[in-house]
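Student: Here it is, the structure, as structure tokens.
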Amino acid sequence: MSEWFPELLSWPFLAAGAFFYLVGSIGLVRMPDVYTRMHATSVSDTFGAALLLIGMMITAGLSLVTAKLFVIFLIILFTGPVATHALARAARYAKVKPVLHKPEGKSSSKP
Amino acid sequence: MKLDLILRVATKLLCPFILLFALYVQFHGDYGPGGGFQAGVIAAAMVILYAITYGLEPAKRAVPPAIAQAMIPLGVLIFAGTGVATMLLGDNFLAYNALDHHSPVHGQHLGILLVELGVLVTVAGTMVAVFYAFAGRGR
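In structure tokens form, the structure reads like this:
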């Protein structure tokens, strides 16, 4: 019972974290410009890393490793959005224009 | 300066933890991955982050370039001084066993700690000095 229970509990978290990373990567490739790419990756990156770390914490049990993973968890939750914010601001100051939806009848620049 | 409020507050909150992590890497280098070089780079990265967020002049007030430049030979002095100390204690250059008369293992621990401290000081000083030299160009 106590052998497989943490494993079983951690698997959904690890799978969900991997899924979020996959979605973020697909968004990074598929989205047309800086802002939408950032929108795709930033949330899924932070959330995916958080879920993976929660899964690892459950697997590690109550030990020093868990404490270290928790600190990494807090730092990722703290720095991820700040980095995204800095990137978005930098893109805005560099006057990067978002790709807007073209009206019907005109050919768009991106498929 | 522009009002980068979020970046400034985040940097201010993160800086002590980055330095703490550098010291963790430094003192954990005996038992696991880490050591003086990595710790020095992390400590210098904290200064560089501060300089990028707050500007070069506040960073130069916090860590004066004279101190950063003095740290470069100081670390080498600590490193070589450990070796000379072991020679004066009657053993080879950098033979840590001589540092503790009672237990060679304690001497080895002390020796590694001192040498890694020298590496930390030199690497951190070099990184900060190189950053100042490049960032101060054309001003």
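Protein sequences appear in the order of chains F and L. Letter 68 of the first sequence, counting from 1, is numbered 63 in the numbering used here, and no numbers are missing. In short: position in the second sequence from 1, add 227, done, that's the numbering used here. Glycine is no exception: its CB is placed at the ideal position from the N, C-alpha and C atoms.
Give the straight-line distance between the Cα atoms of L267 (chain L) and V348 (chain L), rounded to the nearest whole angstrom.
Tutor: Indexing the second sequence from 1 puts residue 267 (chain L) at position 40. Indexing the second sequence from 1 puts residue 348 (chain L) at position 121. According to the sequence as given, residue 267 (chain L) is Gly; it is not Leu. For G267 (chain L) and V348 (chain L), the distance between alpha carbons rounds to 7 Å.
Student: From this set, L:S330, L:A278, L:Y258 and L:L234, which residue's C-alpha is nearest E343 (chain L)'s C-alpha?
Tutor: Numbered from 1 along the second sequence, position 116 holds the residue referred to as residue 343 (chain L). For the residues L:S330, L:A278, L:Y258 and L:L234, the minimum Cα distance to E343 (chain L) belongs to L:Y258.
Student: Quick one: list the residues of chain L neighbouring V77 (chain F), beta-carbon separation under 8 Å, in chain order.
Tutor: One-based indexing of the first sequence puts residue 77 (chain F) at position 82. Under the 8 Å cutoff, chain L gives I233, L234 and A237.
Student: Interface residues of chain L around H80 (chain F) at Cβ under 7 Å?
Tutor: Mapped onto the first sequence, residue 80 (chain F) falls at position 85. Neighbours of H80 (chain F) on chain L, chain order: I233.
Student: Closer than 6 Å by C-beta to L326 (chain L): which residues in its own chain qualify, once you throw out the five before and the five after it? Chain order, please.
Tutor: The count along the second sequence starts at 1 and reaches residue 326 (chain L) at position 99. Answer for L326 (chain L): G334, L337 and G338, listed in chain order.
Student: Applying the 10 Å Cβ sphere with the 16-neighbour rule, what's the burial state of P106 (chain F)?
Tutor: Position 111 of the first sequence holds residue 106 (chain F). For P106 (chain F), the predicted structure reports a pLDDT of 48, less than 50, and the residue's modelled location is therefore unreliable. The matter cannot be settled from this model.
Student: Check whether the stretch 72 to 81 of chain F and the stretch 10 to 24 of chain F are in contact - that is, three or more C-beta pairs closer than 8 Å.
Tutor: Cβ pair count under 8 Å is below three, so no.
Student: Would you kindly work out how many angstroms separate the C-alpha atoms of W6 (chain F) and R25 (chain F), rounded to a whole number?
Tutor: By 1-based counting over the first sequence, the position of residue 6 (chain F) is 11. By 1-based counting over the first sequence, the position of residue 25 (chain F) is 30. Using only the alpha carbons, I get a separation of about 28 Å.
Student: What residue range does the alpha helix (DSSP H) around A351 (chain L) cover?
Tutor: Sequence index remark: in the second sequence, residue 351 (chain L) carries index 124 (1-based). A351 (chain L) -> alpha helix (DSSP H) spans P331 to A362.
Student: Do you know offhand how far S20 (chain F)'s Cα is from T36 (chain F)'s?
Tutor: Start at 1 with the first residue of the first sequence, and residue 20 (chain F) comes out as number 25. Start at 1 with the first residue of the first sequence, and residue 36 (chain F) comes out as number 41. Between S20 (chain F) and T36 (chain F), the C-alpha separation is close to 7 Å.
Student: Is the distance from the Cβ of A249 (chain L) to the Cβ of A270 (chain L) below 8 Å?
Tutor: For this step, residue 249 (chain L) is matched to residue 22 along the second sequence. For this step, residue 270 (chain L) is matched to residue 43 along the second sequence. In contact: A249 (chain L) and A270 (chain L) (Cβ atoms closer than 8 Å).
Student: Do you know how far the Cα of I233 (chain L) is from the Cα of H34 (chain F)?
Tutor: As a working mapping, residue 34 (chain F) is identified with position 39 in the first sequence. As a working mapping, residue 233 (chain L) is identified with position 6 in the second sequence. Going from the Cα of H34 (chain F) to the Cα of I233 (chain L) covers about 18 Å.
Student: Residues in its own chain within less than 7 Å of P1 (chain F) by CB, not counting five upstream and five downstream?
Tutor: Within the first sequence, residue 1 (chain F) is the residue found at index 6, counting from 1. For P1 (chain F), where only same-chain residues beyond five positions count, the Cβ hits under 7 Å are I53, T54 and G56.
Student: Of all the CB atoms in chain L, is at least one closer than 8 Å to the CB of P93 (chain F)?
Tutor: As a first step, residue 93 (chain F) is located in the first sequence; it is residue number 98 there, counting from the start. By this cut-off, P93 (chain F) is not an interface position.
Student: Near G61 (chain F), what residues of its chain come up, given a Cβ to Cβ distance below 8 Å and the 5 sequence neighbours on each side ignored?
Tutor: On the first sequence, position 66 is the one that residue 61 (chain F) refers to. Rather than Gly, the amino acid found at residue 61 (chain F) in this sequence is Thr. Once the five neighbours on either side are set aside, the close Cβ partners of T61 (chain F) are M52 and A55.
Student: In whole angstroms, what is the alpha-carbon distance linking H255 (chain L) and K90 (chain F)?
Tutor: Taking the second sequence and counting its residues from 1, one reaches residue 255 (chain L) at position 28. Taking the first sequence and counting its residues from 1, one reaches residue 90 (chain F) at position 95. Roughly 45 Å separates the two Cα atoms.
Student: If distances are taken between C-alpha atoms only, which option among L:F244, L:F358 and L:V350 comes closest to I299 (chain L)?
Tutor: Residue mapping note: residue 299 (chain L) aligns to position 72 of the second sequence, counting from 1. Closest option to I299 (chain L), Cα to Cα, is L:V350.
Student: What first and last residue would you give for the alpha helix (DSSP H) that runs through Y88 (chain F)?
Tutor: Here residue 88 (chain F) refers to the residue found at position 93 of the first sequence. Start and end: L59 to Y88.
Student: Can you list, in chain order, the residues of its chain whose CB lies under 8 Å from that of N319 (chain L), leaving out five sequence neighbours each side?
Tutor: Sequence index remark: in the second sequence, residue 319 (chain L) carries index 92 (1-based). Counting only Cβ-Cβ distances below 8 Å, and skipping sequence neighbours, we find T313.
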